[in-house]
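Colleague: Going down the list, the sequences are from chains A, B and C. Counted from 1, the first sequence has number 220 at position 220 by this note's numbering; the numbering is strictly sequential. Counted from 1, the second sequence has number 38 at position 38 by this note's numbering; the numbering is strictly sequential. Counted from 1, the third sequence has number 233 at position 233 by this note's numbering; the numbering is strictly sequential.
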Amino acid sequence: MTIKEKGYSHWEGELAEKKLPWWPITRFGIRSTFRKKFFKFFFFGALLPAVVFLVGIYISERLEDFRFMIRNQTNFLTVDPGYFKSYFTGDFLLFMMVAILVFCGSGLISDDLKHNSLQLYFSRPLKKGQYFLGKASVIFFFLFLVTLVPGLVFFIMKLIFAGNFKFFASYPWLPLSIIGYSVLVTLFFALYTLFLSSLSKNRRYVSILIFAVYIFSDIIFGIFYGIFRSPYFALISLKVNLQQIGAFIFNQKLPYSIPWIYSFLIIFSISLLAAVYLKNKVKEVTIIK
Amino acid sequence: MNPVIEVKNLSKWYGNVLGLNDVTLQIEPGITGLLGPNGAGKSTFLKLITGQIIPKIGTVSIKGKKVRNNYPLFREIGYCPEQDSFYEELTGKEFLLRLLSLFPYSPPEAEAKAEQALEIVELTKEKDRVIKAYSRGMRQRIKFAQAIAHDPEILVLDEPLSGLDPLGRRKIIRLIKEYQKKGKTIIVSSHILPEIEAMTKTIILIHQGKVFAQGDIHYIRDLIDTHPHIVSVKCDQPRLLAEKFIHEDFVLNVKFSPAEDSLLVETDNRDKFFSLLPSLFIENKIEVQEITSPDDNLQAVFDYLVGK
Amino acid sequence: MSIEVNDLHFSYGKVKALSGVGLDLEEQAIGLLGPNGAGKSTLLRILLGFLSPDEGEGKVLGYDIKEQQSLIRRHVGYMPEDDCFIPGMDAVTFTSYFGELSGMPRQEAMKRAHEVLYYVGLEEGRYRLLETYSVGMKQRLKLAQTLVHDPKLLFLDEPTSSLDPQGRKEILELIKDISSKKDIQVLISSHILPDIEAVCSHVVILNKGQIAAQGEISKLKELKYRLYEMKVKGEAQSFLEKLKKMGCRIEATEDMILKVYMRPNKNPQEIFRLASEERIQIRHFVKSQSTLEDLFAKAVGVD
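#1: Look at the alpha carbon of B:Pro108 and the alpha carbon of B:Leu96, and state the distance between them as a whole number of angstroms.
#2: So which of C:Pro87, C:Gly13, C:Gln145 has the shortest CA-CA distance to C:Leu129?
#3: Would A:Leu199 pass as an interface residue toward chain C - the criterion being a Cβ-Cβ separation below 8 Å?
#4: Which residues mark the beginning and the end of the alpha helix (DSSP H) in which C:Ile171 is found?
#5: Suppose you measure from the CA of B:Leu118 to the CA of B:Glu111; what does that come to, to the nearest Å?
#6: Just the C-alpha distance for B:Leu73 and B:His218, rounded to the nearest angstrom, thanks.
#7: Helix, strand or coil for C:Gly20, going by three-state DSSP, please let me know.
#8: Give the residues of chain C in contact with B:Ser232, contact being defined as C-beta atoms less than 9 Å apart.
#9: Using a cut-off of 8 Å between C-beta atoms, extract the partners of B:Glu287 located in chain C.
#10: If we count the other Cβ atoms within 10 Å of its Cβ and call it buried at 16 or more, is A:Trp292 buried or exposed?
#11: For the beta strand (DSSP E) holding C:Lys287, just list the boundary residues, first then last.
#12: List the endpoints of the continuous alpha helix (DSSP H) containing A:Tyr181.
#13: Out of B:Val4, B:Trp13, B:Asn2, point me to the one whose CA is closest to B:Lys210's CA.
#14: If B:Pro166 and B:Val188 are in contact, beta carbons under 8 Å, what's the gap, nearest whole angstrom?
#15: Name the chain C residues whose beta carbon is nearer than 7 Å to that of A:Phe28?
#16: Show which residues of chain C have a CB atom less than 8 Å away from the CB atom of B:Asp165.
#17: Here's the rule I'm using: 16 or more other beta-carbon atoms within 10 Å means buried, otherwise exposed. How should A:Tyr232 be labelled?
#18: Do you know how far the Cα of C:Pro165 is from the Cα of B:Ile192?
#19: So is C:Glu241 buried or exposed if we call it buried at 16+ other beta carbons inside 10 Å?
#20: Which chain D residues sit within Cβ distance under 8 Å of C:Asp82?
#21: Please specify which runs of the alpha helix (DSSP H), each continuous and at least 4 residues long, are wholly inside the region 236–295 of chain C, giving them in chain order.
#22: Verify the CB distance criterion: does B:Ser275 have a CB-CB separation below 8 Å to chain C?
#23: Confirm, please, whether the CB-CB distance from C:Gln281 to C:Lys244 is below 8 Å.
#24: By the three-class DSSP mapping on this structure, what secondary structure does B:Ser11 have?
#25: Cβ-heavy atom distance between A:Ala136 and the ligand ADP below 7 Å?
#26: Please list the residues of the region 150–180 of chain C that have a C-beta atom closer than 9 Å to any C-beta atom in chain B, keeping them in chain order.
#27: Using C-beta distances below 8 Å, list every residue in its chain close to B:Ser43, excluding the 5 sequence neighbours before and after it, in chain order.
#28: Do C:Gly121 and C:Tyr133 have their C-beta atoms closer together than 8 Å?
#29: Just list the beta strand (DSSP E) runs in the region 30–101 of chain B, keeping only unbroken ones of 3 residues or longer that don't cross its boundaries, in chain order.
#30: In whole angstroms, what separates the C-alpha of B:Asp261 from that of C:Arg45?
#31: Is there at least one Cβ from chain C nearer than 8 Å to B:Leu241's Cβ?
#32: Excluding sequence positions up to five away, which residues of its chain have a Cβ less than 7 Å from the Cβ of B:Phe250?
#33: Can you pull out the residues from the region 74–108 of chain A whose beta carbon lies closer than 7 Å to at least one beta carbon of chain C?
#34: For C:Lys138 and A:Leu48, what's the separation of their Cα atoms in angstroms?
#35: State the CB to CB distance for the pair A:Val363 and A:Cys104, rounded to an integer number of angstroms; the pair is presumed to be in contact (CB under 8 Å).
#36: Are C:Leu206 and C:Gly39 close, meaning C-beta to C-beta below 8 Å?
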């Protein structure tokens, strides 16, 4: 045999464009999120409503078995689009989503800015869009796990528990609503988080911002609404805007009597501004100083 | 010559982190190069002799006077820190003026001194720009300017050349040498050994918080007995030359270069070796191109004393 | 020919950064020098495919700098000047991560990461979190991620910045090893001339967006006249007298070096004949060259 000499040896292989060039970024993002203290606690907390609602669906089909528990209330637990809407737009779920964002999203760009890693990313054949996609997919992953996935599971479970397609026949558009709303909320939160994450080099500030902007927009709305009694102040609150859109998508009565399209426009323009800002903030060429 | 700076049994630690460990030395006028690995205690040493921090044990005196809290003495010290420490919103000139206003100068005097310092570091054109907008080289230069603006007797420079381009380095090295000619005392630290060599032959080597060597580079090299001297001779017939001295007992080792155009000789007695060499060339008609001592320089001294 | 560019022009708005740069580099180790603002960064940005030149064309590793920018980046390695890493990773994850982003299959990237980490001497710290790395280790790590996808051309930006003498020497030895033995080409941009001299055989000096000088360092440093530098030991008085009689001009510098100008018709071996007659030790003898620093200063038009 030949001896192997100490030192550098070449790699025998071909470098090629991959189907998902950004996937390693996402994989690392997901993995490092799970490694964080308390994350699992919050994550399972965020899955709690899903469990409760799933049990609810089961009970609704077996209502007869549980009749002894309830008296007089005949209209208890009907699973309809309203049921889905109350899952998706529940205060608790939205709050837990923001908590998840703090864990998985606060460091996504701010860490790269702090430790100059953009230089390493962009000296590879990675485009800016792919970089952002890789980062955003971390958020997609976690938020889909608490929105899209439970939503579709509910729907399927409902069919399974019922043993027939009556539910599907009555609301054929419901799966589309589930997908549409999940995608919209997730996209918005992803852009919101990435934008805030690119504002500071310190992930702690970003964490505080992610929380504070969400909470304070709601509190300010509450104060103004209390004083002026005008539903239009609801447009200030991120939470209410999302709830308005959710109510529309699931074909339910809007919580505030203002057109849903206003809320949509606000959410849409925040997302758009965030995207434009990100595009200008991160420049490939600046990696060489 | 009288030592300008005298340091006795100086020790400093931060919590349980060692900064400096029992250092005693004297520094004379002229340029002294301060070197050592990262974390060896160089910056601690420079801060101690400029009275910025208090030693745990030991004393520092400059010209026989204690440094600690001796404000009149501080006027004679110029200090250029390693890190950037600026009021970023000020312009270069304002920055110098504010620092000069700490000295008892009249406003026109301070103005003149600021202008002069700016001119020395060639920042006159950029003097009205805010420091925030300065490039790395310009920041380094304004830092140097504030150290020399009050024309101090003692100049303490912590990595003054980092971040400068070759022209900037050349310029600052020349400035430092000019200061030396005025009889001032300059202590300069750097990681780039050839630059230290370009400025001075006198060094202090700090390692593990202690002084490992102080004095002239070649003198220090001669003191290192564990490593025999290496002489490289580039000539047309290296093997013939080797044959002529291989039997001498002061020759410890002979190596040929891969290109067969030179040989490396290890010797423990350079005097005997070099006395023999010229006659060997002449007797054997060997044509010499070069005689050098590859390990008689600062890098070798550093490696032998600090290296693993 | 791995870097071949022709008549590159580039300006940022009204500021002209490059005006007519042409290069044809095939040497193993090339130093890219220039004062601040000479256009070094702009040239690197174009060579790495981040900017497209206003005028001129060229190829890097055979890929067009205007059309195949991302292919260039796939096949070269770039080591940035700044301290950079990703928190929460260990060295193996970090190195294989960037291998994957360059287009290596995951398993291969993992194997290769270990290999290059061994090569740069980080085998013991491989599984440690990068946050705990020292300056010197981070520098090696940066080199490892540059090498992981086995590029044929490396761009190194100030590879020794912020290193202490020991670390500097070790990194330079690695770079020298890569460029001399491993058919990998290295382009080093640096302000530290002794480093360039230690590693590179060839330099390109930029000034004001143009090439001020380029070529083999040893050739550029050669002097036209015959000047020797010596250090002697012993009673040199009569030795020097005799040298002067031969027609040599002698100058002593402050650090005890004698500079001897020789007439072209005299043989330098005469010096040794005299030395052996006079029992003088010649401890140092070289044909004088200009330093890279002088060369640089001359090229950019400063005294």
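Every residue gets a Cβ at the ideal spot worked out from N, C-alpha and C, and that includes glycine.
Modeller: In short:
#1: Computed Cα separation, rounded: 13 Å.
#2: Here the closest residue by C-alpha is C:Pro87.
#3: No, because no Cβ of chain C sits closer than 8 Å to the Cβ of A:Leu199.
#4: Residues 165–181.
#5: When only Cα atoms are considered, B:Leu118 and B:Glu111 end up about 11 Å apart.
#6: If you take the alpha carbons of B:Leu73 and B:His218, they lie about 34 Å apart.
#7: Assigned with DSSP and collapsed to three states, C:Gly20 falls in strand.
#8: Residues of chain C with a Cβ closer than 9 Å to the Cβ of B:Ser232 do not exist; the shortest Cβ-Cβ separation is about 10 Å.
#9: Those within 8 Å of B:Glu287 in chain C are Gln269.
#10: Limits of chain A in this structure are 1 at one end and 289 at the other, which puts residue 292 of chain A out of reach.
#11: For C:Lys287, the uninterrupted beta strand (DSSP E) run begins and ends at 281–287, by DSSP.
#12: For A:Tyr181, the uninterrupted alpha helix (DSSP H) run begins and ends at 174–197, by DSSP.
#13: Nearest of B:Val4, B:Trp13, B:Asn2 to B:Lys210, Cα basis: B:Trp13.
#14: By a beta-carbon distance limit of 8 Å, B:Pro166 does not contact B:Val188. Their separation comes to about 18 Å.
#15: Within chain C, the residues whose beta carbon sits less than 7 Å from that of A:Phe28 are Tyr97, listed in sequence order.
#16: Counting only Cβ-Cβ distances below 8 Å, B:Asp165 has contacts in chain C at Gly34, Pro35, Asn36, His191, in chain order.
#17: Around the Cβ of A:Tyr232, a 10 Å sphere holds fewer than 16 other Cβ atoms; the residue is exposed.
#18: Near 6 Å, if we compare the C-alpha coordinates of C:Pro165 and B:Ile192.
#19: In the assembly as shown, C:Glu241 is an exposed residue. Its beta-carbon has fewer than 16 other beta-carbons within 10 Å.
#20: In the structure shown, chain D cannot be found, because the protein chains are A, B and C.
#21: With a minimum length of 4 residues, the continuous alpha helix (DSSP H) runs that stay inside the region 236–295 of chain C are 237–245, 269–278.
#22: Yes, contact with chain C.
#23: The answer is no: Cβ separation not under 8 Å.
#24: The answer is strand: DSSP assigns B:Ser11 an E or B state.
#25: Summarising the ligand content, the structure contains no ligands, and the ligand ADP is consequently not present.
#26: Against chain B - using a Cβ distance shorter than 9 Å - the residues of the region 150–180 of chain C are Thr160, Ser161, Ser162, Leu163, Asp164, Pro165, Gln166, Gly167, Arg168, Lys169.
#27: Same-chain partners within the cutoff: Glu82, Asp158, Ser189.
#28: Against a cut-off of 8 Å, the Cβ pair of C:Tyr133 and C:Gly121 comes out as no contact.
#29: Listed in chain order, they are 30–35, 57–62, 77–80.
#30: Using only the alpha carbons, I get a separation of about 42 Å.
#31: No, B:Leu241 does not count as interfacial toward chain C.
#32: Within the same chain, B:Phe250 has close Cβ partners Thr267, Asp268, Asn269, Lys272, Phe273.
#33: So nothing in the stretch comes that close.
#34: C-alpha separation (whole angstroms): 43 Å.
#35: In the structure displayed, chain A extends from 1 to 289; residue 363 of chain A sits before or after that span and is not available.
#36: With respect to C:Gly39, C:Leu206 sits close: the two C-beta atoms are nearer than 8 Å.
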